[in-house]
Amino acid sequence: MDSVRIELPLLLPEVPDAHDACVGRLQSLLEGRPGITRTHVVDTPAAAALCLHYDPGAITLQQVEALAKAAGADVQERYGHRVWPIRAIAAEDASRRIGDAARAVDGVLAVAGNLPGQVVRVAFERARFRPADLDEVLR
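Everything in the sequence shown is counted per numbering that gives the first Met the number 0, starting at 0 for the first residue and increasing by one.
Spelled out as C-alpha coordinates, the structure:
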(Lines of atoms letter the chains of each structure in order from A and count residues from 1; the text may use other names and numbers.)
(Lines give C-alpha, C1' and ligand atoms only; values in the text may rest on other atoms or scores of the structure.)
Protein backbone atom coordinates (compact mmCIF):
# COMPACT_ATOMS: atom_id res chain seq x y z
CA MET A 1 0.00 0.00 0.00
CA ASP A 2 1.07 3.55 -0.77
CA SER A 3 -0.33 6.83 0.47
CA VAL A 4 -0.50 10.45 -0.60
CA ARG A 5 -1.36 13.59 1.36
CA ILE A 6 -3.27 16.42 -0.25
CA GLU A 7 -3.81 19.65 1.69
CA LEU A 8 -7.49 20.19 2.42
CA PRO A 9 -7.54 23.80 1.16
CA LEU A 10 -6.62 22.47 -2.29
CA LEU A 11 -9.61 20.11 -2.26
CA LEU A 12 -12.12 22.18 -0.29
CA PRO A 13 -11.09 25.85 -0.45
CA GLU A 14 -14.21 27.20 1.33
CA VAL A 15 -14.01 24.82 4.29
CA PRO A 16 -12.78 26.58 7.43
CA ASP A 17 -11.17 23.60 9.18
CA ALA A 18 -10.65 19.85 9.16
CA HIS A 19 -13.61 19.28 11.51
CA ASP A 20 -16.17 20.57 9.02
CA ALA A 21 -18.78 18.06 7.87
CA CYS A 22 -17.69 18.54 4.26
CA VAL A 23 -14.40 16.83 5.06
CA GLY A 24 -16.40 13.77 6.11
CA ARG A 25 -18.46 14.05 2.93
CA LEU A 26 -15.25 14.11 0.90
CA GLN A 27 -13.94 11.03 2.70
CA SER A 28 -17.24 9.20 2.11
CA LEU A 29 -17.03 9.88 -1.62
CA LEU A 30 -13.50 8.48 -1.77
CA GLU A 31 -13.68 5.51 0.59
CA GLY A 32 -14.72 2.35 -1.14
CA ARG A 33 -13.54 3.54 -4.55
CA PRO A 34 -11.62 0.77 -6.30
CA GLY A 35 -8.00 0.92 -5.22
CA ILE A 36 -8.50 3.37 -2.33
CA THR A 37 -8.26 1.49 0.94
CA ARG A 38 -8.44 4.21 3.60
CA THR A 39 -8.72 7.97 4.08
CA HIS A 40 -8.04 10.08 7.14
CA VAL A 41 -7.11 13.64 8.07
CA VAL A 42 -3.63 14.49 9.31
CA ASP A 43 -2.19 17.74 10.61
CA THR A 44 0.76 19.12 8.71
CA PRO A 45 2.78 22.27 9.44
CA ALA A 46 1.14 24.10 6.53
CA ALA A 47 -2.47 22.89 6.78
CA ALA A 48 -4.56 19.84 7.53
CA ALA A 49 -4.32 17.26 4.78
CA LEU A 50 -6.34 14.34 3.54
CA CYS A 51 -4.22 11.20 3.55
CA LEU A 52 -5.31 8.63 0.98
CA HIS A 53 -4.03 5.07 1.22
CA TYR A 54 -4.23 3.17 -2.04
CA ASP A 55 -3.18 -0.01 -3.79
CA PRO A 56 -0.69 0.99 -6.53
CA GLY A 57 -1.45 -2.29 -8.31
CA ALA A 58 -5.06 -1.19 -8.77
CA ILE A 59 -4.80 2.59 -9.17
CA THR A 60 -2.03 5.08 -9.98
CA LEU A 61 -1.02 8.10 -7.91
CA GLN A 62 -2.30 10.37 -10.68
CA GLN A 63 -5.66 8.62 -10.64
CA VAL A 64 -5.90 8.97 -6.84
CA GLU A 65 -5.13 12.67 -7.07
CA ALA A 66 -7.66 13.13 -9.89
CA LEU A 67 -10.34 11.27 -7.90
CA ALA A 68 -9.66 13.43 -4.84
CA LYS A 69 -9.89 16.64 -6.85
CA ALA A 70 -13.11 15.50 -8.56
CA ALA A 71 -14.65 14.50 -5.22
CA GLY A 72 -13.65 17.87 -3.73
CA ALA A 73 -15.25 19.67 -6.67
CA ASP A 74 -18.42 17.58 -6.19
CA VAL A 75 -18.62 18.51 -2.51
CA GLN A 76 -17.98 22.19 -3.30
CA GLU A 77 -20.73 22.10 -5.94
CA ARG A 78 -23.29 20.74 -3.45
CA TYR A 79 -22.29 22.60 -0.27
CA GLY A 80 -21.19 26.14 0.47
CA HIS A 81 -19.65 28.09 3.33
CA ARG A 82 -19.90 31.81 3.85
CA VAL A 83 -19.43 34.42 6.55
CA TRP A 84 -22.22 36.94 7.15
CA PRO A 85 -21.80 40.17 9.09
CA ILE A 86 -24.24 40.65 11.95
CA ARG A 87 -25.16 43.50 14.24
CA ALA A 88 -25.91 41.98 17.59
CA ILE A 89 -25.91 43.28 21.10
CA ALA A 90 -23.86 41.08 23.40
CA ALA A 91 -26.76 39.70 25.41
CA GLU A 92 -26.45 36.45 27.32
CA ASP A 93 -28.49 34.47 24.78
CA ALA A 94 -27.79 36.49 21.62
CA SER A 95 -25.49 33.92 20.06
CA ARG A 96 -28.00 31.12 20.69
CA ARG A 97 -30.89 33.17 19.26
CA ILE A 98 -28.93 34.09 16.14
CA GLY A 99 -27.87 30.48 15.62
CA ASP A 100 -31.40 29.18 16.08
CA ALA A 101 -32.81 31.74 13.62
CA ALA A 102 -30.13 30.97 11.02
CA ARG A 103 -30.57 27.18 11.36
CA ALA A 104 -34.30 27.62 10.64
CA VAL A 105 -33.51 28.89 7.12
CA ASP A 106 -34.05 26.20 4.48
CA GLY A 107 -30.77 24.64 3.39
CA VAL A 108 -28.67 25.82 6.34
CA LEU A 109 -26.65 22.91 7.73
CA ALA A 110 -24.44 24.50 10.39
CA VAL A 111 -23.99 27.88 12.07
CA ALA A 112 -21.15 29.26 14.17
CA GLY A 113 -21.56 32.74 15.57
CA ASN A 114 -18.86 35.11 16.77
CA LEU A 115 -20.46 37.97 18.67
CA PRO A 116 -17.22 39.87 19.39
CA GLY A 117 -16.34 39.68 15.69
CA GLN A 118 -19.96 40.44 14.69
CA VAL A 119 -20.02 37.62 12.14
CA VAL A 120 -21.73 34.30 11.68
CA ARG A 121 -20.24 31.45 9.61
CA VAL A 122 -22.81 29.35 7.79
CA ALA A 123 -22.57 26.02 5.98
CA PHE A 124 -25.39 25.35 3.54
CA GLU A 125 -26.72 23.07 0.84
CA ARG A 126 -26.54 25.07 -2.38
CA ALA A 127 -29.62 23.51 -4.03
CA ARG A 128 -31.94 24.51 -1.16
CA PHE A 129 -30.36 27.66 0.25
CA ARG A 130 -31.18 31.23 -0.74
CA PRO A 131 -28.79 33.85 0.69
CA ALA A 132 -31.58 36.46 0.72
CA ASP A 133 -33.51 34.30 3.21
CA LEU A 134 -30.61 34.37 5.64
CA ASP A 135 -30.05 38.09 5.05
CA GLU A 136 -33.66 38.69 6.09
CA VAL A 137 -33.34 36.60 9.25
CA LEU A 138 -30.07 38.25 10.31
CA ARG A 139 -31.35 41.83 9.95
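For every residue, glycine included, the Cβ atom is placed at its ideal position computed from N, Cα and C. On a predicted model such as this, the values are computed, not experimentally measured, just so you know.
Quick one: residues in its chain with C-beta nearer than 7 Å to the C-beta of residue 63, no 5 flanking neighbours on either side, listed in chain order?
3, 35, 51, 53
Range covered by the alpha helix (DSSP H) that runs through residue 79:
It is not in any alpha helix (DSSP H) - residue 79 instead sits in the beta strand (DSSP E) that spans 78-84.
Output the distance between the C-alpha atoms of residue 95 and residue 118, rounded to the nearest integer angstrom.
13 Å
Anyone know if the C-beta pair for residue 42 and residue 122 falls short of 8 Å?
no
Coil, strand or helix - residue 139 by DSSP
Within the shown structure, residues of the chain are numbered from 0 to 138, placing residue 139 beyond reach of any answer.
Taking just the CA atoms, how far does residue 111 sit from residue 85?
12 Å
At what residues does the beta strand (DSSP E) containing residue 51 begin and finish?
48-53
Measure the C-alpha to C-alpha separation of residue 30 and residue 120 and round it to an integer number of angstroms.
28 Å
For residue 97 versus residue 109, is the C-beta distance shorter than 8 Å?
no
Could you say which of 133, 14, 67 lies nearest to residue 33 if we only look at CA atoms?
67
Simplified DSSP assignment, three categories, for residue 1:
strand
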